[in-house]
Amino acid sequence: MVSKVTVNLAIPHPFDLTATLESGQAHRWHREGRWYCGVVYGNMLKVRQNHMGIEVFSAPAEPEELIPLLTSYFRLDDNLDVVYQTINRDPLIADMIDRYAGLRLLRQEPWECLVAFICSATSNIPRIGANMEAIADTYGQRITLQCHSRFSFPSADRLAEAGEQALRDIRLGFRAKYLAYAAREVAEGNLDLEKLRSLSYWDAKTCLMDIPGIGAKIADCVLAFSLDKMEAFPIDRWVNRAMQEWYLNGRKMSYEQVVRWAQSYFGPYAGYAQQYLFHGRRLDRRVRGTETRTGK
DNA sequence: CCACGGCCTGATTC
DNA sequence: AGAATCAGGCCGT
143 MVSKVTVNLA
153 IPHPFDLTAT
163 LESGQAHRWH
173 REGRWYCGVV
183 YGNMLKVRQN
193 HMGIEVFSAP
203 AEPEELIPLL
213 TSYFRLDDNL
223 DVVYQTINRD
233 PLIADMIDRY
243 AGLRLLRQEP
253 WECLVAFICS
263 ATSNIPRIGA
273 NMEAIADTYG
283 QRITLQCHSR
293 FSFPSADRLA
303 EAGEQALRDI
313 RLGFRAKYLA
323 YAAREVAEGN
333 LDLEKLRSLS
343 YWDAKTCLMD
353 IPGIGAKIAD
363 CVLAFSLDKM
373 EAFPIDRWVN
383 RAMQEWYLNG
393 RKMSYEQVVR
403 WAQSYFGPYA
413 GYAQQYLFHG
423 RRLDRRVRGT
433 ETRTGK
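Numbering (the working numbering), first residue to last: 143 to 438.
What follows is the structure in structure tokens.
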């Protein structure tokens with residue numbers, strides 16, 4: 143029997159499922175028309191937004207049981223009005239907020255998020271997704287929902303056991319070594335991701351960056367997208383370009399200098415500002431089809 | 001601190 | 001068409 147609920151959570155502030163799931167934070171969502179299919183915390187989900195809220199199919203847990211999980215995952219506990227008031231410092235960011243109102247950060251599983259962004263180095267969004275699926279297909283558990291099958295995301299233990307060569311074999315490239323190392327550190331308890339929540343942003347970041355293959359950018363992604371550090375400000379080429387052109391007037395600054403600048407400018411929700419800048423810049427490039435290659 | 005080459009691989013560009 | 005180039009970085013020199 144198929145169960146379905148409309149998760150009729152009061153969403154008093156804007157929420158845009160499409161913008162949220164297609165803003166490059168999460169890598170295991172597949173779109174089918176207006177539905178999105180993904181795997182979160184061992185549950186396969188099929189979700190769609192309507193005027194009431196979010197419709198959900200799920201397995202193995204029933205949708206009703208997953209309401210707290212979904213509320214957390216989609217950060218429906220964030221008051222976006224407050225976020226917007228805080229980061230809305232100028233007409234440029236205001237335009238992004240206006241265009242993508244309801245785009246939310248996600249609160250993902252830290253381990254899965256860390257793996258995804260280890261895979262992100264010198265890669266691109268489709269390939270990161272392919273890597274994540276290959277990892278799940280090979281090492282996860284099968285979950286079936288309405289004749290579709292997906293696989294849960296495997297634990298660090300499981301990937302530590304797999305080892306570097308096996309990860310290379312599923313085409314992770316040079317990232318296999320970093321992933322194998324990180325898996326071992328987490329499996330052995332030397333890196334306790336949940337514990338990072340209780341640390342300050344800078345302390346948590348330092349812990350993450352102790353792992354080879356995790357630099358400032360990847361650490362910031364994990365902190366912003368899974369560990370509730372909303373002041374984290376991941377800077378990739380798109381955000382960097384937005385910052386250079388719109389805010390820094392071409393001034394040369396190191397990565398961490400730009401982070402500090404953004405934090406002092408946008409405040410404690412700098413991570414939200416980053417997500418809007420990133421999304422806007424990326425879509426812009428797509429629409430125009432061409433990208434000026436003067437920068438690199 | 002900064003600059004640079006190398007790293008796996010697949011898609012896109014020339 | 002085959003060869004460069006590039007993609008949501010990081011590390012070592």
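We put the beta carbon where it would ideally sit given N, CA and C, even for glycine.
Going straight from the alpha carbon of residue i to that of residue j, what length do you get?
i, j, result
"Y418", "L234", "10 Å"
"L248", "I356", "20 Å"
"T162", "D352", "30 Å"
"I196", "P376", "29 Å"
"A276", "E254", "13 Å"
"A168", "D220", "18 Å"
"C261", "E306", "13 Å"
"N273", "A318", "11 Å"
"A201", "Y281", "19 Å"
"K347", "S265", "22 Å"
"I209", "A329", "29 Å"
"L222", "Q405", "18 Å"
"E327", "V401", "27 Å"
"M385", "A304", "40 Å"
"Y323", "A366", "22 Å"
"L333", "L309", "20 Å"
"D345", "D311", "35 Å"
"D426", "I153", "28 Å"
"W388", "M238", "13 Å"
"V149", "D370", "23 Å"
"L390", "T286", "49 Å"
"A236", "G331", "43 Å"
"H155", "E174", "26 Å"
"P354", "L321", "9 Å"
Leaving aside the five residues before and after residue i along the sequence, list all residues of the same chain whose C-beta is less than 6 Å from its C-beta, in chain order.
i, result
"D279", "F293"
"F408", "I229, A415"
"A358", "Y397"
"A325", "A298, L301, A302"
"R424", "W380"
"H172", "C179"
"L159", "Q191"
"K188", "W177, C179, F199"
"A412", "E373, F375, A404, Q405"
"A243", "P156"
If you drop the 5 nearest sequence neighbours on each side, which residues of the same chain put their C-beta closer than 7 Å to that of residue i?
i, result
"Y183", "L211, E251"
"R284", "S291, F293"
"E206", "V147"
"A203", "N185"
"F259", "I360, C363, V364"
"I270", "H169, A258, C261, S262"
I'd like the list of long-range same chain contacts for residue i, defined as Cβ closer than 8 Å, with 5 residues on each side in sequence excluded.
i, result
"P410", "T228, M372, E373"
"C349", "L333, L338, L341"
"Y343", "L365, K371, E373, A374"
How would you call residue i, buried or exposed, if buried means at least 16 neighbouring beta carbons within 10 angstroms?
i, result
"I422", "Sequence inspection shows Gly at residue 422; the Ile mentioned does not correspond to that position. It counts as buried."
"D240", "exposed"
"R379", "exposed"
"K337", "exposed"
"F295", "buried"
"R231", "exposed"
"I267", "exposed"
"F216", "buried"
"F157", "buried"
"F316", "exposed"
"T432", "Confidence at T432 is low in this model, with a pLDDT of 40, below 50, so its placement is unreliable and the value that follows should be read with caution. Exposed is the call here."
Could you tell me how far apart the beta carbons of residue i and residue j are, in whole angstroms, since I believe they sit closer than 8 Å?
i, j, result
"Y414", "V225", "5 Å"
"L139", "S368", "This structure leaves residue 139 out entirely; the chain is present only between 143 and 438."
"F420", "V381", "5 Å"
"L335", "L256", "7 Å"
Compute the minimum distance between the beta carbon of residue i and the heavy atoms of the ligand NAP, and state whether it is under 6 Å.
i, result
"R241", "Among the components of this structure there are no ligands whatsoever, and the ligand NAP is therefore not found."
Measuring CB atoms only, is the segment 174-190 touching the segment 289-307, in the sense that at least three cross pairs come out at less than 8 Å?
yes
Would you be able to state if there are at least three C-beta pairs under 8 Å between the segment 385-394 and the segment 185-199?
no
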